[in-house]
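Numbering (full-length UniProt numbering), first residue to last: 1 to 561.
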């Protein structure tokens, strides 16, 4: 092991305080303690005796080498370097950690490996003590002197032992201290000193001092096994599974985008739960709002180093609702630095957002560029087949049972997101329970009357026109003008294609609405946009290029509002 690592794992004097009375391995025992007699023949001492253990003269470097050999160099560098030090003391070895959470996690995860390493280096029977001592990880030069056992010499060249703490001397050291005069008030009565106020810890400072990976223990996480995969989300689901199997080895970052209720948070929670079960991973799940709140608190308290340490000690960072950072430039810059630090160190980053990064106008160009460097997958509203599977999964195992024929009818009628489908199942089941009726089709119609009526929406050509203008921030009536520039003609072709897809209007009616003289204009526009979508092409609109599939998806989401 390199000298740099030996310095990182060297003991600190503060870590020796509690065990100062114990003899250092390989040193002299305290006065009055029993000594193990040597054999008369001058041979080796009996195995297991303190002298036989001490003769090994274990060092922090040897202990670190033994632990690294058992847990692997990569895991050792990730979890021990900068987080813990090995302190060989007397008949015990102390593992000093920075805080209680790190100490508890290291002992739980690597306790067996550390015990084996101590037995190999120090001998069988030497116990391991896990302590919390942040100062033991700071001093470097002092710890080197303690580990080397620095001694001074007298004039004859003999070594003199270094005392634990040398008292400072001064010319007046022998003088008796003067007693302070008693304090009295104006009437000559003694003044009672006020009781010292107990400083209560700031909850924000306490939260910043705790490892982020230990702060979400009570949440009920959704598993990837419960996610219903279909044509609308299959690629994103497969990417989430690959992150759990090999974090940081595949697409990094992984960006999942889509409208509300399509499963973005479910995939993020599934990744967290899968990594958490592996034991040697420390995933961190946080929403963009929580990231912003912590950033503001750390800036106000002057604790930015603690804030950065929280996020950069994670093995995988899972950030939900990235679009919340829009218009928050300072928070985006801090997240960008955190992102770069994690990816450069081989850590996995997964984010979710409501739209493709290219369509996020208010995100920093540098951040958008980083996101586009990974894998970007979209989630669409569930198709009829996926809706049916979702309804079956949500209704499985609960009473009263809903017949499959009712579920098929609901899947064909409801066109909302996953939460709406889940709400429909809960409504039918609850209505049947309180009325004492079976969960048949008639009960479903009565329970979901308003929902079923609003699910059937007739889209007009004017609705599509308005949705395209709202998405591209065009003035109303722009698409009906005679302008032929790309900034107008390309959006007009997009609108014509969506009119054919979502309305019952004929080519002639669509052409007339957009100011064309013949229906051939609508026919040509539909073919052109379909070819763009099949080739995953981008089109120039205004001063930027738009991916056609993403633009169509965004306009369709605008239509659903």
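Beta carbons: idealized from backbone N, C-alpha and C, even for Gly.
Hey, out of the options, whose CA is closest to residue i's CA?
i: residue 237; options: 314, 380 and 345; result: 380
i: residue 353; options: 280, 62, 260 and 435; result: 260
i: residue 232; options: 344, 387 and 318; result: 387
i: residue 361; options: 262, 314 and 472; result: 472
i: residue 239; options: 219, 220 and 267; result: 267
i: residue 422; options: 395, 535 and 438; result: 395
i: residue 80; options: 477, 107 and 374; result: 107
i: residue 94; options: 69, 58 and 78; result: 58
i: residue 505; options: 116, 464, 105 and 328; result: 464
i: residue 287; options: 303, 269 and 442; result: 269
i: residue 89; options: 243, 63, 415 and 69; result: 63
i: residue 477; options: 92, 445, 513 and 460; result: 513
i: residue 604; options: 383, 92 and 132; result: There is simply no residue 604 to check, as the chain begins at 1 and stops at 561 in what is shown.
i: residue 124; options: 114, 329, 131 and 99; result: 114
i: residue 78; options: 329, 342 and 393; result: 342
i: residue 219; options: 526, 241, 245 and 276; result: 276
i: residue 336; options: 292, 376 and 536; result: 292
i: residue 398; options: 432, 532 and 531; result: 432
Leaving out five residues on either side along the sequence, give the residues of the same chain with a beta carbon under 6 Å from the beta carbon of residue i.
i: residue 102; result: 83
i: residue 452; result: 413
i: residue 486; result: 540
i: residue 289; result: 324
i: residue 441; result: 406
i: residue 332; result: 325, 364 and 367
i: residue 33; result: For residue 33, the predicted structure reports a pLDDT of 41, less than 50, and the residue's modelled location is therefore unreliable. A value from the coordinates is still provided. Same-chain partners within the cutoff: there are none.
i: residue 552; result: none
i: residue 560; result: none
Can you give me the start and stop residues for the alpha helix (DSSP H) that residue i sits inside?
i: residue 545; result: That residue, residue 545, is in no alpha helix (DSSP H); its beta strand (DSSP E) goes 544 to 547.
i: residue 499; result: 486 to 502
i: residue 335; result: 329 to 344
i: residue 85; result: Premise fails: residue 85 lies in the beta strand (DSSP E), 84 to 89, not in any alpha helix (DSSP H).
i: residue 518; result: Counting along the chain, residue 518 falls outside any alpha helix (DSSP H), and DSSP gives it neither H nor E.
i: residue 65; result: 60 to 71
i: residue 105; result: 100 to 122
i: residue 430; result: 418 to 435
i: residue 94; result: Where residue 94 is concerned, there is no enclosing alpha helix (DSSP H), although the beta strand (DSSP E) it sits in stretches over 92 to 97.
i: residue 362; result: Segment: none, residue 362 is in no alpha helix (DSSP H) and carries neither H nor E.
i: residue 443; result: 441 to 447
i: residue 131; result: Segment 128 to 132 is the beta strand (DSSP E) holding residue 131; no alpha helix (DSSP H) there.
i: residue 268; result: 264 to 276
i: residue 476; result: Unbroken run through residue 476: none, as it is neither H nor E.
i: residue 235; result: 234 to 245
i: residue 390; result: 384 to 395
Going by beta-carbon coordinates alone, are residue i and residue j separated by less than 9 Å?
i: residue 76; j: residue 87; result: no
i: residue 320; j: residue 265; result: yes
i: residue 273; j: residue 229; result: no
i: residue 481; j: residue 515; result: yes
i: residue 566; j: residue 316; result: Nothing about residue 566 can be reported from this structure: the residues present for the chain run from 1 to 561 only.
i: residue 318; j: residue 368; result: no
i: residue 418; j: residue 447; result: no
i: residue 253; j: residue 358; result: no
i: residue 529; j: residue 548; result: yes
i: residue 70; j: residue 117; result: yes
i: residue 85; j: residue 96; result: yes
i: residue 500; j: residue 522; result: yes
i: residue 347; j: residue 248; result: yes
i: residue 356; j: residue 550; result: yes
i: residue 511; j: residue 518; result: yes
i: residue 258; j: residue 374; result: no
i: residue 132; j: residue 100; result: yes
i: residue 295; j: residue 330; result: yes
In terms of residue numbering, what span does the beta strand (DSSP E) encompassing residue i cover?
i: residue 284; result: 283 to 287
i: residue 315; result: First-last for residue 315: undefined, no H or E at that position.
i: residue 538; result: 538 to 541
If I measure Cβ to Cβ from residue i and keep anything under 8 Å in the same chain, skipping five residues before and after, which residues do I get?
i: residue 338; result: 308, 311, 312 and 317
i: residue 475; result: 469
i: residue 449; result: none
i: residue 479; result: 465, 468, 469, 488, 491, 492, 495 and 514
Suppose the cutoff is 7 Å on Cβ atoms and the five residues either side in sequence are ignored; what does the same chain contact list for residue i look like?
i: residue 584; result: Nothing in the structure corresponds to residue 584, since the chain is present only between 1 and 561.
i: residue 385; result: 230
i: residue 227; result: 237, 263, 266, 267 and 270
i: residue 221; result: 269, 272 and 273
i: residue 163; result: Summary for residue 163: the model assigns pLDDT 42, below 50, so the residue's position carries little reliability, and this model does not support an answer.
i: residue 304; result: 298
Answer yes if the region 398 to 415 comes into contact with the region 294 to 308, meaning at least three C-beta pairs across the two stretches below 8 Å, and no otherwise. no
At a cut of 8 Å, does the region 482 to 493 reach the region 541 to 559 through at least three beta carbon pairs? yes
With three or more C-beta pairs closer than 8 Å as the rule, is the region 275 to 286 touching the region 393 to 403? no
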